[in-house]
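Take 7 as the starting number for the sequence shown in my numbering and just add one per residue.
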Amino acid sequence: MEFLGFSLRNRLFVAPMAGVTDRPFRQLCKKMGAGLAVSEMVTSNSLLYGSVKTQRRARHDGEASPIAVQIAGASPLMMAEAARHNVDRGAQIIDINMGCPAKKICNVMAGSALLRDEPLVARILEAVVSAVPNTPVTLKIRTGWDKANRNALSILRIAEQSGIRALAMHGRTRACGYTGHAEYETIRAVKAAARIPVIANGDIESPEKAKFVLETTGADAVMIGRAAQGRPWLFREIEHFLATGTYLTPPRVSEIHQVLLGHLEDLYVFYGSETGVRVARKHISWYTRGLVGSAAFRHAMNQLPTVGEQRQAVDDFFRLLAEHHEHLPYVATAKAAAAPGADECAALAA
Ligand SMILES: Cc1cc2nc3c(=O)[nH]c(=O)nc-3n(C[C@H](O)[C@H](O)[C@H](O)COP(=O)(O)O)c2cc1C
């Protein structure tokens, strides 16, 4: 797929997730079939540029192109500066977050709270687009503020007038949080009116659902968040299904074993041992959710303080699984596919 001057392997995008889509995870998803991965949100508050967390979030060495970085904030000036700052550090696409309902973000009138103030939306978009004239700028929104105020169409118009090059839409309003189901009607209406590419997002957790959403909305691409947690191979499964109409054989336990060990090594290097072990715990939990015998394993694993012990525990668990199973054995009631409705941006508050 051609997208903003980049040639992508497909139209499957990794959704930006604070605390999840760090460079190791983006790289892994790209390796396992994602066409594009948007970084976790980087603050537009320049006072924080020097913080370890913000600097780490803006690191892209070794990541496959295009590098897409999301910025968040409510001040046009600061957002313009943030865009320039990230382009100077290697961003090839700047994405603006107006889709995040987290209290911490909304209280300062950023994220999806901005959708309520259309003149401010216009000022932010124009400021960012003119700050980085040689870099495409994209926008991520929800369908509106609440069900009575689904103003996505009017945001689309503002975006197009401001020079935004693509629009990603999560099919929920800000007020919906993560409740109910994403709806695709509003995305379909926006796509029908749009002159820029539209990316559909929300509750896509399987190859069939990806096909359904692409067909229902007519969107140019789909964006997947929670369902990819602990399951980065989902992208190649969807890619295969869209291309052939048939299912790819699920990954063998032995392959997942190696994927996870590789993911852990990347996390340890990227974050350093101490933070690396902590960040790795949630990924290990996602990889093993619903697997036979995994609750006791997770409980024990979460107590392990060092890289060596954590790596060994994961290695032992998967070695044992592989001895008895070719493919992942889920307990009968477990929903293997989707991660639960995480408290969006909870990680941000951390
Ligand atoms: C843990 C977590 C963190 C998120 N952080 C961001 C973020 O930083 N910026 C953003 O625009 N959306 C963020 N989102 C929203 C996702 O990008 C996506 O729109 C949402 O999860 C719906 O897609 P899904 O159903 O495929 O998960 C986050 C979601 C989760 C679960």
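All C-beta atoms in this analysis are idealised placements derived from N, C-alpha and C, irrespective of residue type, glycine included.
DSSP three-state assignment for residue i, whether helix, strand or coil
i, result
"Lys-146", "strand"
"Gln-98", "coil"
"Glu-8", "strand"
"Leu-262", "It is worth fixing the name first, because residue 262 is Ile in this sequence and not Leu. In this structure, Ile-262 counts as helix in the three-state DSSP scheme."
"Asn-308", "coil"
"Ala-342", "Note that Ala-342 scores 43 on pLDDT, short of 50, meaning its location in the model is unreliable and no value can be drawn from it."
"Asn-103", "strand"
"Ala-348", "Model confidence at Ala-348 stands at a pLDDT of 42, short of 50, so the residue's coordinates are unreliable; what they give is reported in the following sentence. In this structure, Ala-348 counts as coil in the three-state DSSP scheme."
Burial state of residue i, where buried means 16 or more other Cβ atoms lie within 10 Å
i, result
"Thr-357", "In the structure displayed, the chain extends from 7 to 356; residue 357 sits before or after that span and is not available."
"Val-75", "buried"
"Ala-165", "buried"
"Glu-329", "exposed"
"Val-275", "exposed"
"Arg-201", "exposed"
"Ala-137", "buried"
"Ser-13", "exposed"
"Leu-121", "buried"
"Pro-311", "exposed"
"Ala-227", "buried"
"Ser-57", "exposed"
"Lys-153", "exposed"
"Ala-234", "buried"
"Leu-42", "buried"
"Leu-273", "buried"
"Leu-270", "buried"
"Arg-171", "buried"
Extent of the continuous beta strand (DSSP E) run through residue i
i, result
"Gln-76", "74 to 78"
"Met-175", "172 to 176"
Host alpha helix (DSSP H) of residue i (start-end)
i, result
"His-330", "313 to 330"
"Leu-18", "Careful: Leu-18 lies outside any alpha helix (DSSP H), inside the beta strand (DSSP E) at 18 to 20."
"Pro-125", "124 to 137"
"Ser-357", "Nothing about residue 357 can be read from this structure; the chain reaches only from 7 to 356."
"Lys-165", "In the sequence as displayed, the identity of residue 165 is Ala instead of Lys. Segment 158 to 168, the alpha helix (DSSP H) holding Ala-165."
"Leu-121", "Where Leu-121 is concerned, there is no enclosing alpha helix (DSSP H), given that its DSSP letter is neither H nor E."
"Arg-32", "29 to 37"
- Completely contained beta strand (DSSP E) runs for the segment 180 to 246, where each covers 3 or more residues: DSSP runs (the beta strand (DSSP E)) wholly in the segment 180 to 246: 204 to 207, 227 to 230.
- Any chance you could list the alpha helix (DSSP H) runs of at least 4 consecutive residues sitting entirely within the segment 269 to 296, in chain order? Those alpha helix (DSSP H) runs which fall completely within the segment 269 to 296 and span 4+ residues are 279 to 294.
- Message: Which complete alpha helix (DSSP H) runs does the segment 41 to 75 hold, if anything under 4 residues is left out?
- Response: Whole alpha helix (DSSP H) segments, 4+ residues: 58 to 63.
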